[in-house]
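Protein chains in written order, with my numbering: chain A, 119 to 522; chain B, 215 to 465.
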């Protein structure tokens with residue numbers, strides 16, 4: 119189907135099903151129950167899952183296939199965000215021009231940054247991209263963002279947003295005063311109550327989900343194309359590439375630009391969900407985050423980056439919400455002295471300490487599952503499926519399919 | 215006029231004169247060996263031919279065109295393929311993929327952005343790669359990871375990858391270095407078969423005299439950066455200058 123083989127079609131259908139049914143899947147616990155705080159099916163978080171999934175899918179095309187570790191992808195995310203908000207300011211709140219421009223501008227940026235950074239490989243490449251991202255951050259934060267100057271591109275630390283005085287030359291009176299897709303506001307939701315469950319279907323999320331599915335599809339096609347094979351060859355042996363008559367630079371640059379455009383798309387979508395773009399999106403921690411997502415999920419696999427992105431965003435939003443009050447509820451059954459001891463230990467790992475848990479988890483995954491969570495999933499699947507499948511796996515193992 | 219003409223090539227590394235006034239002519243369709251003791255400049259010369267090093271002075275012409283100043287991939291596209299001392303293959307890829315990549319390079323040139331077509335649909339490339347694997351007797355290994363093969367098989371694959379580009383000149387840098395005797399003999403047989411069945415010129419750098427004398431039609435002896443003698447294997451064998459270069463004056 120659509121130029122994919124049977125296995126990839128199945129994978130694509132699974133991703134589509136997960137994306138479209140996310141409001142159900144992420145809300146397994148009834149409202150008001152003790153577990154309800156683990157529900158992730160609210161629009162804001164679901165949008166983040168999809169958007170960071172797109173970012174990680176793009177990053178994986180560069181890092182997973184060519185092995186070039188960029189530490190500057192936040193720059194493209196930020197550039198995309200600013201571009202989209204500028205479209206809102208100049209044209210109208212319709213999201214389509216914003217999303218298109220964010221991809222184009224991020225693409226142009228990545229041509230320039232990639233052209234220079236790709237002259238080096240390994241750690242030098244990483245440092246160059248990091249330097250560019252930090253330069254972009256500082257430009258956005260102060261130099262290009264002075265509100266009192268005539269050339270205020272980013273609005274500094276306040277962040278770029280839409281004001282009533284902005285031209286919005288294409289705005290029509292009937293359209294809502296928030297980002298919308300031909301009149302459908304991104305923030306509008308439909309809520310469905312089934313028993314004590316509450317499911318929220320948000321317009322913005324579904325836009326992100328559809329774009330995520332498209333992004334995933336394109337990434338599968340790239341992985342299975344001759345171009346994708348060349349990128350894996352770059353990772354494997356550049357020397358042999360050169361002596362086989364292949365020019366590696368255009369291949370790596372193309373991969374860099376494609377992944378930069380993915381990041382720009384993600385940035386544009388972030389602005390679409392909330393039309394306020396700040397410079398902090400370009401900070402190096404944001405670049406580091408997407409590296410973590412990709413490695414945690416499984417670099418070089420198709421599904422890995424999406425899994426990793428979902429995992430980290432879930433931790434960031436759900437684990438960080440567990441505070442002392444919640445812990446008292448959980449461990450209330452313990453005797454007093456023990457309760458406070460247990461809480462004292464646990465509270466370092468939740469709430470603001472969620473980074474600690476994530477760090478430990480990351481160490482475990484990198485040490486024991488170098489292929490990421492996807493590899494863990496495959497191990498588990500093999501264990502569960504038992505012996506009858508073992509032979510089949512032994513057969514597929516040696517075939518030319520990069521893991522999904 | 216040979217297919218490869220090296221004229222007055224000099225290369226200096228700081229105070230060391232690695233190549234001095236090297237002249238070499240390799241005739242088309244011949245097997246030409248370049249031998250010499252350690253440090254004679256064999257590898258430097260080879261690197262000058264494939265674009266890895268640029269000589270200080272002199273010229274290197276391939277089929278009437280200068281190769282100087284061109285990048286390795288450009289020189290390869292002109293028709294020179296190189297086999298390395300330690301097999302350089304794509305270890306993370308399968309044998310079949312390894313063989314497909316040079317086929318793509320031959321068909322599409324140095325760069326082609328065919329990102330949305332499927333590999334499975336590239337029937338001509340698949341056919342060509344399979345054909346080459348059959349020629350190399352490796353078709354049963356097509357789905358193996360290249361890195362997991364034996365040294366001899368890696369060498370075989372690398373030679374096959376070079377041949378699938380239909381080069382006019384094949385450069386081999388100590389193709390049997392570090393190989394067991396059986397693997398060495400297999401490689402010799404393979405190279406003999408290539409020489410007999412293909413429209414190709416072979417230049418080979420080698421330490422192993424067994425290999426050199428079973429393959430070469432012409433031999434150039436390099437010593438201390440310049441060619442000492444060039445002749446047929448029979449004449450080289452007993453040449454006093456060669457003995458001197460290899461064994462020292464007293465020999």
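The C-beta atom is built at its ideal place from N, Cα and C for all residues, glycine as well.
Since residue 221/B sits in a beta bridge, which residues does DSSP pair it with? Answer is 273/B, bridged to residue 221/B.
Pair within 8 Å by beta-carbon distance, residue 304/B and residue 217/B: For residue 304/B and residue 217/B, no; Cβs fall outside 8 Å.
Give the secondary structure of residue 457/B by DSSP, where H, G and I count as helix, E and B as strand, and everything else as coil. DSSP places residue 457/B within a helical segment (H, G or I) once states are collapsed to three.
Run through chain B and tell me which residues come within less than 9 Å of residue 123/A, C-beta to C-beta. Residues of chain B whose Cβ lies closer than 9 Å to the Cβ of residue 123/A are, in chain order, 332 and 334.
Could you say which of 438/B, 414/B, 406/B and 436/B lies nearest to residue 425/B if we only look at CA atoms? In terms of CA proximity to residue 425/B, 406/B leads the group 438/B, 414/B, 406/B and 436/B.
Is the region 341 to 351 of chain A close to the region 158 to 168 of chain A, with three or more CB pairs under 8 Å? Contact between the region 341 to 351 of chain A and the region 158 to 168 of chain A is absent: fewer than 3 CB-CB pairs across the two stretches fall below 8 Å.
Going by DSSP, what residue range makes up the alpha helix (DSSP H) through residue 365/A? Residue 365/A -> no alpha helix (DSSP H), and no H or E assigned at all.
Determine, using beta carbons only, whether residue 240/A comes closer than 8 Å to chain B. Chain B contact via Cβ: absent.
Do residue 130/A and residue 335/A have their CB atoms nearer than 8 Å? Their beta carbons are under 8 Å apart, which means residue 130/A touches residue 335/A by this criterion.
Could you tell me the distance, in whole angstroms, from the CA atom of residue 182/A to the CA atom of residue 189/A? C-alpha of residue 182/A to C-alpha of residue 189/A: approximately 14 Å in a straight line.
Would residue 125/A be called buried (16 or more neighbouring beta carbons within 10 Å of its own) or exposed? That one is exposed.
Whole-angstrom distance between residue 240/B and residue 381/B, CA atom to CA atom: In this model, residue 381/B and residue 240/B are separated by some 15 Å (Cα to Cα).
Following the continuous alpha helix (DSSP H) through residue 554/B, name the residue where it begins and the one where it ends. The structure shown does not extend to residue 554/B, since chain B is modelled only from 215 to 465, so the question has no answer here.
List the whole-angstrom C-beta distance separating residue 433/B from residue 247/B, where the pair is believed to meet the contact cut-off of C-beta under 8 Å. Sure, about 5 Å apart at Cβ, within 8 Å.
Whole runs of the beta strand (DSSP E) within the region 344 to 395 of chain B, excluding any shorter than 3 residues: If we require 3 residues or more, the beta strand (DSSP E) runs fully inside the region 344 to 395 of chain B come out as 383 to 387.
Alpha carbon to alpha carbon, how far is residue 225/B from residue 444/B? Give it in angstroms, no decimals. So the alpha carbons of these two residues sit roughly 21 Å apart.
Looking at the structure shown, is residue 419/B part of a helix, part of a strand, or coil, going by DSSP? Assignment of residue 419/B by DSSP, reduced to helix, strand and coil, places it in the strand class.
Are three or more beta carbon pairs between the region 433 to 451 of chain A and the region 186 to 202 of chain A nearer than 8 Å? No contact exists between the region 433 to 451 of chain A and the region 186 to 202 of chain A.
Should residue 286/A be listed as close to the ligand GDP, given that the test is whether its C-beta is under 7 Å from any heavy atom? In the structure shown, the ligand GDP is absent, as is every other ligand, since no ligand is present at all.
Can you tell me which of 413/A, 443/A, 441/A and 418/A puts its alpha carbon nearest to the alpha carbon of residue 429/A? Residue 413/A holds the alpha-carbon nearest to the alpha-carbon of residue 429/A among 413/A, 443/A, 441/A and 418/A.
Taking a contact to mean a Cβ-Cβ separation below 8 Å, would you say residue 416/A touches residue 491/A in this structure? Closer than 8 Å, so yes.
Using a Cβ-Cβ cut-off of 8 Å, state whether residue 345/A counts as contacting chain B. Answer yes: the Cβ-Cβ gap between residue 345/A and chain B drops below 8 Å somewhere.
By a C-beta neighbour count over all protein chains shown, 10 Å radius and 16 as the cutoff for buried, is residue 363/B buried or exposed? It is buried - the Cβ of residue 363/B has at least 16 other Cβ atoms within 10 Å.
Kindly list the residues whose CB is nearer than 6 Å to the CB of residue 468/A, restricted to its own chain and excluding five residues on each side of it in sequence; keep chain order. These residues qualify, in order along the chain: 437 and 440.
Starting from residue 247/B, follow its DSSP beta bridges and name the residues at the other end. Per the DSSP secondary-structure output, residue 247/B pairs in a beta bridge with 418/B and 433/B.
Count the other CB atoms, across all protein chains shown, that sit within 10 Å of the CB of residue 300/B; report buried if there are 16 or more and exposed otherwise. With fewer than 16 other Cβ atoms within 10 Å, it is exposed.
Does any CB atom of chain B fall closer than 8 Å to the CB of residue 360/A? Interface with chain B (8 Å Cβ-Cβ cutoff): residue 360/A is included.
Considering only the alpha carbon of each residue, which of 315/B, 273/B, 258/B and 423/B lies closest to residue 362/A? Ranking 315/B, 273/B, 258/B and 423/B by Cα distance to residue 362/A puts 315/B first.
Taking only the alpha-carbon atoms, compute the straight-line gap between residue 410/A and residue 425/A and give it to the nearest angstrom. Using only the alpha carbons, I get a separation of about 11 Å.
Does residue 389/B get closer than 8 Å to chain A when you measure Cβ to Cβ? Residue-level contact check: residue 389/B does not touch chain A, since none of the beta carbons of chain A fall below 8 Å from its beta carbon.
Quick check on the burial criterion: 16 or more other C-beta atoms within 10 angstroms. Buried or exposed for residue 378/B? With 16 or more Cβ atoms within 10 Å of its Cβ, residue 378/B is classed as buried.
With 8 Å as the threshold, decide whether the Cβ of residue 357/A is near any Cβ in chain B. Yes, residue 357/A counts as interfacial toward chain B.
is_contact[residue 237/A, chain B] using C-beta, thresh 8 Å: Closer than 8 Å: no.
How would you label residue 449/B, buried or exposed, when you count the other beta carbons within 10 angstroms and need 16 or more for buried? Of the other Cβ atoms in all chains shown, fewer than 16 fall within 10 Å of the Cβ of residue 449/B; this residue is therefore exposed.
In terms of residue numbering, what span does the beta strand (DSSP E) encompassing residue 310/A cover? Where residue 310/A is concerned, the enclosing beta strand (DSSP E) stretches over 307 to 312.
For the beta strand (DSSP E) that residue 316/A lies in, which residues bound it at each end? Unbroken beta strand (DSSP E) run through residue 316/A: 315 to 320.
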